[in-house]
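There are 2 protein chains.
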Amino acid sequence: MTAHPEPSSTPLPYIACTHDFRVDCSHCRIRSLCLPVALDGDDIEKLDEIVQRGTPLQKGQYLYREGDRFQSIYVVRSGTLKAFRTTDDGREQVTGFYFPGEILGMDGISKNAYASTARALETVAVCEIPFSSLEKLSAVIPSLQRHFFQLMSHEIIEDQMLITLLSKNSAEQRVAALILSISSRQARLKLSATKFRLPMSRIDIGNYLGLTVETVSRVFSRMQKIAVLEVDNKEIRILDIDGLRRLADIGGR
Amino acid sequence: MTAHPEPSSTPLPYIACTHDFRVDCSHCRIRSLCLPVALDGDDIEKLDEIVQRGTPLQKGQYLYREGDRFQSIYVVRSGTLKAFRTTDDGREQVTGFYFPGEILGMDGISKNAYASTARALETVAVCEIPFSSLEKLSAVIPSLQRHFFQLMSHEIIEDQMLITLLSKNSAEQRVAALILSISSRQARLKLSATKFRLPMSRIDIGNYLGLTVETVSRVFSRMQKIAVLEVDNKEIRILDIDGLRRLADIGGR
DNA sequence: CCCGACAATTGACACAAATCAACGTTAGTT
DNA sequence: AACTAACGTTGATTTGTGTCAATTGTCGGG
Numbered sequence: 000m001t002a003h004p005e006p007s008s009t010p011l012p013y014i015a016c017t018h019d020f021r022v023d024c025s026h027c028r029i030r031s032l033c034l035p036v037a038l039d040g041d042d043i044e045k046l047d048e049i050v051q052r053g054t055p056l057q058k059g060q061y062l063y064r065e066g067d068r069f070q071s072i073y074v075v076r077s078g079t080l081k082a083f084r085t086t087d088d089g090r091e092q093v094t095g096f097y098f099p100g101e102i103l104g105m106d107g108i109s110k111n112a113y114a115s116t117a118r119a120l121e122t123v124a125v126c127e128i129p130f131s132s133l134e135k136l137s138a139v140i141p142s143l144q145r146h147f148f149q150l151m152s153h154e155i156i157e158d159q160m161l162i163t164l165l166s167k168n169s170a171e172q173r174v175a176a177l178i179l180s181i182s183s184r185q186a187r188l189k190l191s192a193t194k195f196r197l198p199m200s201r202i203d204i205g206n207y208l209g210l211t212v213e214t215v216s217r218v219f220s221r222m223q224k225i226a227v228l229e230v231d232n233k234e235i236r237i238l239d240i241d242g243l244r245r246l247a248d249i250g251g252r
Numbered sequence: 000m001t002a003h004p005e006p007s008s009t010p011l012p013y014i015a016c017t018h019d020f021r022v023d024c025s026h027c028r029i030r031s032l033c034l035p036v037a038l039d040g041d042d043i044e045k046l047d048e049i050v051q052r053g054t055p056l057q058k059g060q061y062l063y064r065e066g067d068r069f070q071s072i073y074v075v076r077s078g079t080l081k082a083f084r085t086t087d088d089g090r091e092q093v094t095g096f097y098f099p100g101e102i103l104g105m106d107g108i109s110k111n112a113y114a115s116t117a118r119a120l121e122t123v124a125v126c127e128i129p130f131s132s133l134e135k136l137s138a139v140i141p142s143l144q145r146h147f148f149q150l151m152s153h154e155i156i157e158d159q160m161l162i163t164l165l166s167k168n169s170a171e172q173r174v175a176a177l178i179l180s181i182s183s184r185q186a187r188l189k190l191s192a193t194k195f196r197l198p199m200s201r202i203d204i205g206n207y208l209g210l211t212v213e214t215v216s217r218v219f220s221r222m223q224k225i226a227v228l229e230v231d232n233k234e235i236r237i238l239d240i241d242g243l244r245r246l247a248d249i250g251g252r
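Protein chains in written order, with numbering that gives the first Met the number 0: chain A, 0 to 252; chain B, 0 to 252.
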């Protein structure tokens, strides 16, 4: 029921495959997007031994909470999560959305406690990788160590891009950038890049982009009016991707 | 960076020690703030062997530029740098300021090329740590590997805090938070936490905080008027640190 | 020491996005 | 199927910060 609508022409969707949640790394559908990319046969098996596959999370459930003792990092197998921090005065700040193949929990390494909370936006399956095992394995498999360093570095770059977005761009540009980001992540998953369902609410979008819900809503309306987007609640269809790209990076403040 | 307790009681300033730029790690004044914290005697020597200490950078010189081939990470020994990215349309986004004991360059790991440019705000001395050597050493010294993972994780957390600041806080709160951050970094260096010279221009501050120069200037004026700060160009004196803290985290938007 | 260039401050005004308010829509529950 | 609470949209109004402009202050070089 949370299944992404899928054009009949596209191959199998990567979502809600609750039946395959015990599949090992070498047969996983998203192995090409996950840690194994850095590894060959033997090493994948070693990784496979430390990976834990739990039961799926239901919408609204927590994968971990801010302050929880850090023990593992997680790879999204199917579904979507949001990560957020709670400020001193109790407000939330969404720091990211996580799609299949993406890794979360790395902010917990620094203080041995998660610095953010991760919550399922829909039914979610994850692979859990105990960090201590990953550390040991990294010391013996150089390419794994390298790859993990790269993943963390990549997270830093992503955060810096968000900083730039928040600091320099208008409401319209921020929303456009998010839609484009989701679109390219859909493409990475071999799903339609132009027609998809947003897994998060307007509140989450606004929170993530540093805007109010009203502003987000108005931007969607405007984009629909100029025929760049077709918006039906959470269903999005990109009508003019170049127009959207233009909205995303030109005409700043 | 979290404050690491300083065992030695030497009150010497940690700045502009151009004469000691060949000192080895175990005798370095900022060793307690740097990678060696994770190491003991023998291992410090191993680290010391891979560390390179070049000649100081003059104000305005570049440590590395966006797109340069990534080879090393750097630890600031003395002085201050700023890191920034250039957006597609040519504007700068300052992503961080780096004080002695702080590490920069980690954003280059992901793509084997720096994702940002680092420029000296004043005369700067750095230690260069070739990444390939650090990788090899990490595989043999578990505590070094762990520490380096933690450093990267810490950078992620810092970036997320900046994201929150930009997304949720007013101009006044942003400036207050930056001053408090610099203040605590001064304290970490055993320098005055209440009286210091800002190494960066108003332009850089505004750029970092997502504000215009004019707004930054106005906020400083206001804070001076309510006797929280004394501002004389780049010289700052904090008159009421609790007042400043209150400005930083209450009365949001 | 004065000059020029750049950095910082201040004021007047404009505007994008927040806030306040009302209403329509969706989805989950009984 | 009806109910309800949360979510989403739209309009009117306010406000914080950006923009433009003018002035003063600071620093390095000849």
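Glycine residues also receive a C-beta, built at the ideal position from the N, C-alpha and C atoms.
Bear in mind that the values here come from a model prediction, so they are computed numbers and not experimental data.
DSSP places isoleucine 128 of chain A in the strand class (E or B) of the three-state scheme.
Contact between lysine 58 of chain A and threonine 122 of chain A holds, since their C-beta atoms are separated by about 6 Å, short of 8 Å.
Apart from the 5 residues on each side of it in sequence, arginine 244 of chain B sits with its Cβ closer than 8 Å to the Cβ of Ala175, Leu179 in its chain, given in chain order. DSSP places arginine 84 of chain A inside the beta strand (DSSP E), whose first and last residues are 80-85. Residues of the stretch 147-173 of chain A with a Cβ closer than 7 Å to any Cβ of chain B, in chain order: Phe148, Gln149, Met151, Ser152, His153, Glu154, Ile155, Ile156, Asp158, Gln159, Leu161, Ile162, Thr163, Leu165, Ser166, Lys167. As DSSP reads the structure, phenylalanine 96 of chain B sits in a beta bridge with B:Lys81.
Taking 8 Å as the cut-off, the beta carbon of serine 71 of chain B is found no closer than this to the beta carbon of isoleucine 140 of chain B. A distance of 8 Å or more separates the beta carbons of leucine 120 of chain B and leucine 56 of chain B.
Judged by DSSP secondary structure, lysine 189 of chain B falls outside any alpha helix (DSSP H); it is assigned neither H nor E. Residue burial is scored here from C-beta neighbours: glutamate 154 of chain B has at least 16 other C-beta atoms within 10 angstroms and is therefore classed as buried.
Residues Glu229, Val230 of the same chain have their beta carbon placed closer than 8 Å to that of glutamine 223 of chain A, with the five preceding and five following residues left out of the count. Contact between the stretch 100-112 of chain A and the stretch 142-161 of chain B is present: 3 or more CB-CB pairs across the two stretches fall below 8 Å. The stretch 132-139 of chain B and the stretch 156-170 of chain B do not touch, with fewer than 3 CB-CB distances between them shorter than 8 Å. Bridge pairing for tyrosine 73 of chain B: B:Leu103, B:Glu127 [DSSP].
Listed along chain A are Gln159, Thr163, each with a C-beta nearer than 7 Å to that of arginine 84 of chain B. Contact holds between the stretch 28-40 of chain A and the stretch 88-105 of chain A, because three or more Cβ pairs, one in each stretch, are under 8 Å apart. Within the stretch 143-199 of chain A, the complete beta strand (DSSP E) runs of at least 3 residues fall at 194-196. Cβ atoms of tyrosine 73 of chain B and valine 125 of chain B come within 8 Å of each other, at about 4 Å. At a C-beta separation below 7 Å, threonine 94 of chain B has these neighbours in chain A: Gln159, Ile162.
Beta-carbon to beta-carbon, leucine 246 of chain B and glutamine 149 of chain B are separated by about 31 Å, too far to satisfy the 8 Å threshold.
From the beta-carbon of isoleucine 29 of chain B, no residue of chain A is found nearer than 9 Å; the closest lies around 19 Å away. By the Cβ-count criterion, isoleucine 202 of chain A is exposed, with fewer than 16 other Cβ atoms from all chains shown falling within 10 Å of its own Cβ. According to DSSP, residue pairing for threonine 116 of chain A in a beta bridge involves A:Phe83. Contact note: glutamate 134 of chain A reaches chain B through Pro141, Gln144, Arg145, Phe148, using a C-beta cutoff of 8 Å and chain order.
Below the 9 Å Cβ cutoff, chain B contributes Phe148, Met151, Ser152, Ile155 as neighbours of methionine 105 of chain A, in chain order. Neighbours of isoleucine 108 of chain A in chain B, taken as residues whose beta carbon is under 7 Å from its own, are Phe148, Gln149, Ser152 in chain order. For isoleucine 140 of chain A, the secondary structure class from DSSP, reduced to helix, strand or coil, is coil.
In this structure, B:Ile181 is the residue among B:Leu190, B:Ala192, B:Ala114, B:Ile181 with its C-alpha nearest to the C-alpha of proline 198 of chain B. Of the candidates B:Asp88, B:Asn232, B:Gly242, the residue whose Cα lies closest to the Cα of isoleucine 225 of chain B is B:Gly242.
Per DSSP, the continuous beta strand (DSSP E) segment holding glutamate 229 of chain B begins and ends at 228-231. Here glycine 40 of chain A is exposed. Its C-beta has fewer than 16 other C-beta atoms within 10 Å.
With 16 or more neighbouring CB atoms inside 10 Å of its own CB, glycine 209 of chain A falls in the buried class. With distances taken between CA atoms, leucine 103 of chain A lies nearest to A:Leu34 out of A:Leu34, A:Thr211, A:Ile49, A:Asp248.
Under the Cβ distance rule, glycine 242 of chain B does not count among the residues neighbouring chain A, no pair being separated by less than 8 Å.
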